[in-house]
DNA sequence: AATAAAAGTTAATCTAGATTAACATCTTTT
DNA sequence: AAAAGATGTTAATCTAGATTAACTTTTATT
């Protein structure tokens, strides 16, 4: 962990600049309040039941966020790659035990915002409160749309939507995880794929 | 529509005070930027395809937010009662056509925030940006939990969860709308209920 | 009070997707 | 390069929940 690796933090600044404009000084404050960190494949960023201490901006690699149910089944709620966010946001906000685990599917580099640091950031740079509000608004919109898709589309339609929306993610992730994300079994996804190859 | 009906706006101020403290002056600014409005049962606050102009705080009554799919089927994504918010937040934020309709199930009183007014409010009272961020964070957490429930619970378990979490809403809403919210048919909900009465 | 419309129930039949299990292929590790 | 583990496929059988349709109860309208 290092407080300052400026060259690693350029992608975050570029990302933020799409939403709001920061002065050089504000960028400096922001960077001083964040931490660069590398995780290896299979390492956990958060474990279900622990308190989630960080929101992470992904620089490289890939993570999955999933919930283990009473039967020990894994339900993936999201994947995160470069330029996305990852955490158990509910746990992070309320500082209560996490409902989800976040695990790296590849070696993954992130920039971490701790709970205390993010409060400081909001105080010192109120513009960033706006930025995070906008990020969360987008996440909420995406989540609501996913609920509607799960009700109104068949599994095949949902899979085709996933392929179209996240072509990069589909390439690098095992099928059984995509099945989990879609809420179906790996066997049924296999069947869907062979139907698609044959021609619907 | 009236710009100032202060006694109607007390519940909103009380609600906000649970999250942040406003001065009397700030309360005045806020109230001057919001509108009180009454809708009759069955009236639409937003129609799918239109641009959603308002976020509404519900003072009394009840609304449903739903999506009509290609087969003309209605999928309810949320109900809103007193002290909740209602709108198509995606459409409101991005000022693009709404994916959802919001319709009143009862005569409903609301306080409306227009898109322009809310931007003014953020500028004049930055604290309220924090407030809305927190509201949206909570909505996101609830939405993610609902996705997990839809994957890991049976329809009966989801219904029991709904009854427990929203006992007030269950009383005042027709069964077929609850079925739509749960993503099942009214016939199957009817079967579930008779199973529960008999004893699981 | 009579009628119509809306909401809810029951039961028979059907289907999307789960489960089980055996097998195939691709990756690591030694 | 062999063995072990992870990932992916195919096929048979099973089930939660959908569909259809006829019927009952409740609520609103005249």
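Protein chains in written order, with our numbering: chain C, 1 to 200; chain A, 1001 to 1200.
Note that beta-carbon positions come from the ideal geometry of N, C-alpha and C, so glycine has one too.
6 Å CB neighbourhood of residue 1080 (chain A) in its chain, flanking five on each side removed: Taken in chain order, the residues that qualify are 1058, 1063 and 1086.
Nearest residue (CA-CA) to residue 1163 (chain A), options A:1192, A:1148 and A:1152: Nearest C-alpha to residue 1163 (chain A): A:1192.
Supposed contact pair residue 133 (chain C) and residue 1132 (chain A) - C-beta distance, whole angstroms, cut 8 Å: Their Cβ separation, rounded to whole angstroms, is 6 Å, which keeps residue 1132 (chain A) and residue 133 (chain C) in contact under 8 Å.
Proximal residues, the stretch 101–130 of chain C versus chain A, C-beta separation under 8 Å: Cβ contacts with chain A: 122, 126, 129 and 130.
Cutoff 6 Å; reference residue 47 (chain C); Cβ partners in own chain excluding five residues on either side: Correct list, in chain order: 101.
Test: residue 139 (chain C) CB closer than 8 Å to a CB of chain A: Residue 139 (chain C) counts as touching chain A.
Contact with chain A by residue 169 (chain C), beta-carbon distance below 8 Å: Chain A contact via Cβ: absent.
Other residues of its chain near residue 39 (chain C): CB distance less than 6 Å, five sequence neighbours each side excluded: The residues are 104 and 108.
Residue 181 (chain C) beta carbon less than 8 Å from that of residue 76 (chain C): With contacts defined by Cβ atoms closer than 8 Å, residue 76 (chain C) and residue 181 (chain C) form a contacting pair.
6 Å Cβ shell around residue 11 (chain C) - same chain, five flanking residues per side excluded: Excluding sequence neighbours, residue 11 (chain C) sits near 59.
Cβ neighbour criterion (16 or more within 10 Å) applied to residue 1017 (chain A): Answer is exposed; the Cβ neighbour count stays below 16.
Residues of the stretch 145–158 of chain C with Cβ closer than 9 Å to any Cβ of chain A, in chain order: Hits within the stretch, in order: 145, 146, 147, 148, 150, 151, 152 and 153.
Within chain A, partners of residue 73 (chain C) - CB distance below 9 Å: From the beta-carbon of residue 73 (chain C), the residues of chain A found nearer than 9 Å are 1151 and 1152.
Alpha helix (DSSP H) segment containing residue 95 (chain C), residue limits: Premise fails: residue 95 (chain C) is in no alpha helix (DSSP H) and is neither H nor E.
Under the three-state DSSP convention, the category residue 1166 (chain A) falls into: Here residue 1166 (chain A) carries a coil assignment [DSSP, helix/strand/coil].
Chain A contact for residue 143 (chain C) (CB, 8 Å cutoff): By this cut-off, residue 143 (chain C) is an interface position.
Host beta strand (DSSP E) of residue 1206 (chain A) (start-end): With chain A represented from 1001 up to 1200, any question about residue 1206 (chain A) goes unanswered, as that position is not in the structure.
Three-state secondary structure assigned by DSSP to residue 1071 (chain A): Looking at residue 1071 (chain A) - three-state DSSP - the assignment turns out to be coil, as it is neither helix nor strand.
8 Å Cβ cutoff, residue 1049 (chain A) in contact with chain C: Not one chain C Cβ lies under 8 Å of residue 1049 (chain A).
Residue 39 (chain C): first and last residue of the uninterrupted beta strand (DSSP E) it sits in: Residue 39 (chain C) -> beta strand (DSSP E) spans 35–39.
Residue 1061 (chain A) versus A:1154, A:1053, A:1043 and A:1150, residue with shortest Cα-Cα distance: It is A:1043.
DSSP state of residue 14 (chain C) mapped onto helix, strand, coil: Here residue 14 (chain C) carries a helix assignment [DSSP, helix/strand/coil].
CA-to-CA distance, residue 159 (chain C) to residue 1187 (chain A), given in whole angstroms: Their backbone Cα atoms lie some 28 Å apart in a straight line.
For residue 185 (chain C): DSSP bridge partner residues: In the DSSP secondary-structure assignment, residue 185 (chain C) is not bridged to any residue.
Spatially closest choice to residue 54 (chain C) from C:140, C:118 and C:32, by CA coordinates: With distances taken between Cα atoms, residue 54 (chain C) lies closest to C:118.
Bridge partner(s) assigned by DSSP for residue 150 (chain C): Under DSSP, residue 150 (chain C) takes part in no beta bridge, so it has no partner.
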